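Structure record follows, encoded as structure tokens.
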Amino acid sequence: MLDDTISIKIEKTTNSKIKDVDWENLPFGKVFSDHILEMDYSDGRWHEPVIKPFQALSLHPATSAIHYGQSIFEGMKANRAENGDILLFRPDMNAKRFAESSERLCMPTIPESVFTELVRKIVEVDKDWIPNKEGYSLYIRPFMFATDDFIGIKPSDTYKFMIFTCPVGVYYSNPVNVKIEEFYTRAARGGVGRAKTAGNYAASLYPAKKGQEEGFHQLVWTDGIEHKYIEESGTMNIVFVIDGKLITPSEDSDTILRGVTKRSVVEIAQHWGVEVEERKVTVAEIIEAAKDGSLEDAFGAGTAATIAPIAKIGYRGEVYDLPPVESRTISNKIKNYLSDVKTGKVEDTMNWCLKV
Ligand SMILES: *Cc1c(COP(=O)(O)O)cnc(C)c1O
1134 MLDDTISIKI EKTTNSKIKD VDWENLPFGK VFSDHILEMD YSDGRWHEPV
1184 IKPFQALSLH PATSAIHYGQ SIFEGMKANR AENGDILLFR PDMNAKRFAE
1234 SSERLCMPTI PESVFTELVR KIVEVDKDWI PNKEGYSLYI RPFMFATDDF
1284 IGIKPSDTYK FMIFTCPVGV YYSNPVNVKI EEFYTRAARG GVGRAKTAGN
1334 YAASLYPAKK GQEEGFHQLV WTDGIEHKYI EESGTMNIVF VIDGKLITPS
1384 EDSDTILRGV TKRSVVEIAQ HWGVEVEERK VTVAEIIEAA KDGSLEDAFG
1434 AGTAATIAPI AKIGYRGEVY DLPPVESRTI SNKIKNYLSD VKTGKVEDTM
1484 NWCLKV
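Put into structure tokens, the structure is as follows:
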């Protein structure tokens, strides 16, 4: 079994692709760094991890993840500080969530300290791929999937854990228009909504496409029972500001993914003395607040965009306009602060960053 003294085999590429990168035009998730980390699970244990040149996978057509969906992932970022330090933002939270997703999907867990160390290692090996430009970062994608070549429903006996990284540009979070979804459901109580598992995203594509046909960028998911309570927005958590108070759906329900960004937003706001309510949030109260003008702000929170302001909310054929983004003092301030912490521009008083 893996412990804290893991040894990692490293085979470096002799043919770096870094010189081919167009750093001025980095599309999100399409440029891959030189190396990939791979660690296999079989015979009831994890084997020695390897970092090797980025390459395609060869899989048996019966690979069980493809048929039955035992597949989970994480998303996180590394940034370069002005003093040259490489910083990971709260990787312990991703490690913990990955272990929780593993358990829910009947997959073997990776000790949190090992997960973090493996992330640290792959980032160190491909550190030249961390862009130097303001707002740019290295996106990190750890994932695990079932590899038994067996057509039968049972937890796989073998798994592959991998990490690759992608240099990514500024995520221009133009304000988005969202529609409150009252028919389709992202996650049902007792289901897998809290896990970062592949099937959740497959299930959201069709309703999202329907919403896009109506002119909305994203959906606001509501609870699967009554469609009365707000849960998330697209693949981000959702936060509202009403009368100066930050209001966000509580995470006791296992239908909401526990986001690192949302947690950080809440903690910063509390630290600054902003009143925060984590509780059930009804669609009715948000629409009421939008109508009477007390809804000052609504935004999505996630690793890719950090904070994505919502411009318009569609509900039952009506569209409600939110105040201009410049007027949204709290979320703008939080967004800047988060960016400054991640890039070492302000003191990391919360002890959130891990130096690679
Ligand atoms: C990843 C994800 C989020 C955001 O989580 P972060 O840790 O902030 O990136 C929110 N909702 C869903 C459904 C997600 O997959």
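Start counting the sequence shown at 1134; every next residue gets the next number (my numbering). C-beta: ideal position from N, C-alpha, C; glycine also. Predicted model, so just to flag it, every value in this text is computed and none were measured.
If we count the other Cβ atoms within 10 Å of its Cβ and call it buried at 16 or more, is residue i buried or exposed?
i: residue 1479; result: exposed
i: residue 1369; result: buried
i: residue 1281; result: buried
i: residue 1161; result: exposed
i: residue 1356; result: buried
i: residue 1227; result: buried
i: residue 1337; result: buried
i: residue 1354; result: buried
i: residue 1262; result: buried
i: residue 1310; result: buried
i: residue 1339; result: exposed
i: residue 1352; result: buried
i: residue 1193; result: exposed
i: residue 1238; result: buried
i: residue 1326; result: buried
i: residue 1210; result: buried
i: residue 1189; result: exposed
i: residue 1191; result: exposed
i: residue 1147; result: exposed
Return the residue from the list the options that minimises the CA-CA distance to residue i.
i: residue 1171; options: 1159, 1188, 1294; result: 1294
i: residue 1186; options: 1178, 1251, 1143; result: 1143
i: residue 1312; options: 1426, 1448, 1271, 1191; result: 1448
i: residue 1333; options: 1321, 1263, 1476, 1256; result: 1321
i: residue 1456; options: 1481, 1155, 1426; result: 1426
i: residue 1419; options: 1411, 1481, 1261, 1428; result: 1428
i: residue 1109; options: 1304, 1323, 1257; result: This structure gives no information on residue 1109, because the portion of the chain shown stretches from 1134 to 1489.
i: residue 1413; options: 1158, 1182, 1365; result: 1365
i: residue 1408; options: 1314, 1463, 1444, 1177; result: 1463
i: residue 1383; options: 1360, 1209, 1410; result: 1410
i: residue 1376; options: 1238, 1434, 1421, 1446; result: 1421
i: residue 1489; options: 1182, 1361, 1249, 1232; result: 1249
i: residue 1434; options: 1451, 1257, 1390, 1415; result: 1390
i: residue 1139; options: 1345, 1184, 1219; result: 1184
i: residue 1329; options: 1234, 1445, 1156; result: 1234
i: residue 1231; options: 1181, 1208, 1146; result: 1208
i: residue 1367; options: 1385, 1358, 1378, 1392; result: 1392
i: residue 1466; options: 1152, 1194, 1405; result: 1405
i: residue 1451; options: 1283, 1341, 1348; result: 1348
i: residue 1300; options: 1453, 1469, 1155, 1145; result: 1155
i: residue 1215; options: 1371, 1270, 1350, 1164; result: 1270
i: residue 1182; options: 1141, 1342, 1175; result: 1141
i: residue 1331; options: 1158, 1175, 1206, 1469; result: 1206
When every heavy atom of ligand 2 is checked, does at least one fall within less than 7 Å of the C-beta of residue i?
i: residue 1212; result: You won't find ligand 2 in this model; what it holds is ligand 1.
Please work out which residues of its chain come closer than 7 Å, Cβ to Cβ, to residue i, disregarding the five sequence neighbours upstream and downstream, and give them in chain order.
i: residue 1149; result: 1167
i: residue 1268; result: 1303
i: residue 1229; result: 1245
i: residue 1259; result: 1166, 1167, 1168, 1298
i: residue 1218; result: 1477, 1488
i: residue 1378; result: 1408, 1410
i: residue 1164; result: 1154, 1299, 1300
Which same chain residues end up closer than 8 Å to residue i when comparing Cβ atoms and leaving out the 5 residues on each side of it in sequence?
i: residue 1490; result: Because the chain spans 1134 through 1489 in this model, residue 1490 falls outside it and cannot be assessed.
i: residue 1236; result: 1242
i: residue 1471; result: 1394, 1397, 1398, 1401, 1439, 1440
i: residue 1296; result: 1169, 1170, 1251, 1252, 1255, 1273, 1274, 1275, 1276
i: residue 1474; result: 1222, 1481, 1483, 1485, 1486
i: residue 1265; result: 1213
i: residue 1415; result: 1361, 1362, 1363
Taking 6 Å as the limit between beta carbons, can you name the residues of its chain near residue i, skipping five residues before and five after?
i: residue 1373; result: 1380, 1431
i: residue 1458; result: 1308, 1442
i: residue 1397; result: none
i: residue 1461; result: 1430
i: residue 1360; result: 1315
i: residue 1134; result: Summary for residue 1134: the model assigns pLDDT 45, below 50, so the residue's position carries little reliability; its value from the coordinates is reported in the next sentence. Closer than 6 Å at the Cβ level, and outside the excluded window around residue 1134, lie 1178.
i: residue 1173; result: 1180, 1293
i: residue 1403; result: 1409
i: residue 1152; result: none
i: residue 1437; result: 1304
i: residue 1344; result: 1312, 1352
i: residue 1145; result: none
i: residue 1284; result: 1195
Length at least 3, wholly inside the region 1356-1390: the beta strand (DSSP E) runs in chain order: Scanning the region 1356-1390 for uninterrupted beta strand (DSSP E) segments of 3 residues or longer gives 1363-1366, 1369-1375, 1378-1382, listed from N- to C-terminal end.
Minimum length 4: unbroken alpha helix (DSSP H) runs contained in the region 1150-1202: Counting whole runs of 4 or more residues, the region 1150-1202 contains the alpha helix (DSSP H) stretches 1197-1201.
Unbroken stretches of the alpha helix (DSSP H), 4 residues or longer, contained in the region 1400-1451: 1416-1425, all fully within the region 1400-1451.
Inside the region 1267-1349 only - beta strand (DSSP E) runs reaching at least 3 residues: Listed in chain order, the beta strand (DSSP E) runs fully inside the region 1267-1349 are 1270-1279, 1292-1301, 1309-1313, counting runs of at least 3 residues.
Segments assigned alpha helix (DSSP H), at least 4 residues, entirely inside the region 1202-1259: Correct list: 1224-1237, 1245-1258.
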